[in-house]
Each structure stands twice: as structure tokens, then as C-alpha cells.
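Start counting the sequence shown at 19; every next residue gets the next number (the working numbering). To keep things clear, I will list the structure first and then write my remarks on it.
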Amino acid sequence: MMMNRVSIPLEDRTKLSGALQGLLNPLQELVLQTKQAHWAVVGEEFQSFHLNMDELNAAYGLFVDSVAERMLALGFVPAGQVGDIAAKPVLSALPEGFVQKGPLMSAVADSIGAVAARVRAALAAVGGLDVVTDDLLTEMLQSMEKTLWMLAAQEVHA
Ligand SMILES: [Fe+2]
């Protein structure tokens, strides 16, 4: 194993790494889904949703890298290959083919909500072991829950 000089006991680093690995592949799934949504949307609201999904895709791509690199800083190698993602997918697939914004957005919001719930659960599980991981997870959760509000606001037709 590689030398690790982070001043967190190995036992805690192992728990943190496990929690981060549990988020890595679901976040990678979100990267794939937001890009699929960016491509598949049709209808009057195409342009804004198309751009919004690309913004989320970029944000979740950064989350993936941050989670993986925190694992590395803690002394563990992330498992982020296609086989790792496919072995235990956690998200429901988006509808196939061209999709209207409404149902597509609801499906993407369900997926973001599912991953956000996992982030919250990870915080409950390993919160307090490492302020850096706490900060990373909290920042991701804040962003994802803000997005959930913004997507839900578009579902309201008063
Ligand atoms: Fe594009």
C-alpha cells in the first residue's frame, strides 16, 4: 500500500473511502444521465433544458473527480470503470428515445434526489471523521438539493 501521511487513523480512512466509493459510481451514473437528457429532450422548452442539463453534467463531472481524488488523498484507489458502474447501478434508466422536457426532467430529478439521499446517508455514516470529507459531501448536497428545488419549481403549473 502507498505511504499515507494524512493524520487520520487507517480505520477511519477506510470507512471514509468506503463511503466515498459508494457515491462515486452513482455520481458517474448522474453524469451519463444528464448528458443523455441534454441530447434527448425535445419540445418548446428544448433550449433552456438542453443547456441546464449540460451545466449539471459539468458540475457532476467535477463531483466525480473530487470524490475520487479525496479517496486517493486518504490512500485508496477509486473503482470508476464501466464495469464498476454496471455491476451495481442505482438509478432508474431514463425513458428511451426523444422525450418531452416534462417527463425527462422528472426522471432526472428523481435520479438527483436518489443520489442526494445517498450523500446525506454517507454524511450520517462518516460525518465527523474528517472535516475535509464533511465539507466535500456537504457542498455536493447543498448543490444537489438546490437543483432539486429548481427542477421542482418547473414542474409547478399554477
Ligand atoms: Fe452538447
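Don't be surprised by glycine CBs; every beta carbon is placed ideally from N, CA and C.
Residue i versus residue j - alpha carbon distance
i	j	result
M20	D72	37 Å
A97	L90	11 Å
P121	N22	47 Å
S35	N70	31 Å
L177	E62	Nothing about residue 177 can be read from this structure; the chain reaches only from 19 to 176.
N75	D83	13 Å
A142	L41	13 Å
G145	D152	6 Å
H175	L112	23 Å
L38	L154	10 Å
V95	A86	8 Å
Q172	E163	15 Å
S66	M123	12 Å
E114	E29	44 Å
V149	Q46	24 Å
S25	L50	35 Å
6 Å Cβ shell around residue i - same chain, five flanking residues per side excluded
i	result
V60	F116
N43	D102 and I103
L17	The structure shown has nothing for residue 17, since the chain only spans 19 to 176.
V133	P44 and L48
F81	L45 and M158
In DSSP terms, what residue i is bridged to
i	result
V174	BP columns for V174 are empty, so no partner.
V60	Q118
Neighbourhood of residue i by C-beta, 7 Å cutoff - its chain only, sequence neighbours within 5 removed
i	result
S161	A77
T5	Outside the shown range of the chain, which is 19 to 176, sits residue 5, and nothing can be said about it.
Sequence-distant residues of the same chain with beta carbon closer than 8 Å to residue i, five excluded per side
i	result
Q54	L112
V238	Residue 238 falls outside the range modelled here, since the chain spans only 19 to 176, and no answer is possible.
*Which residues count as close to ligand 1 when the rule is a CB under 6 Å from any of its heavy atoms, in chain order?*
Contact residues of ligand 1 (beta-carbon closer than 6 Å to any heavy atom; chain order) are H56 and D72.
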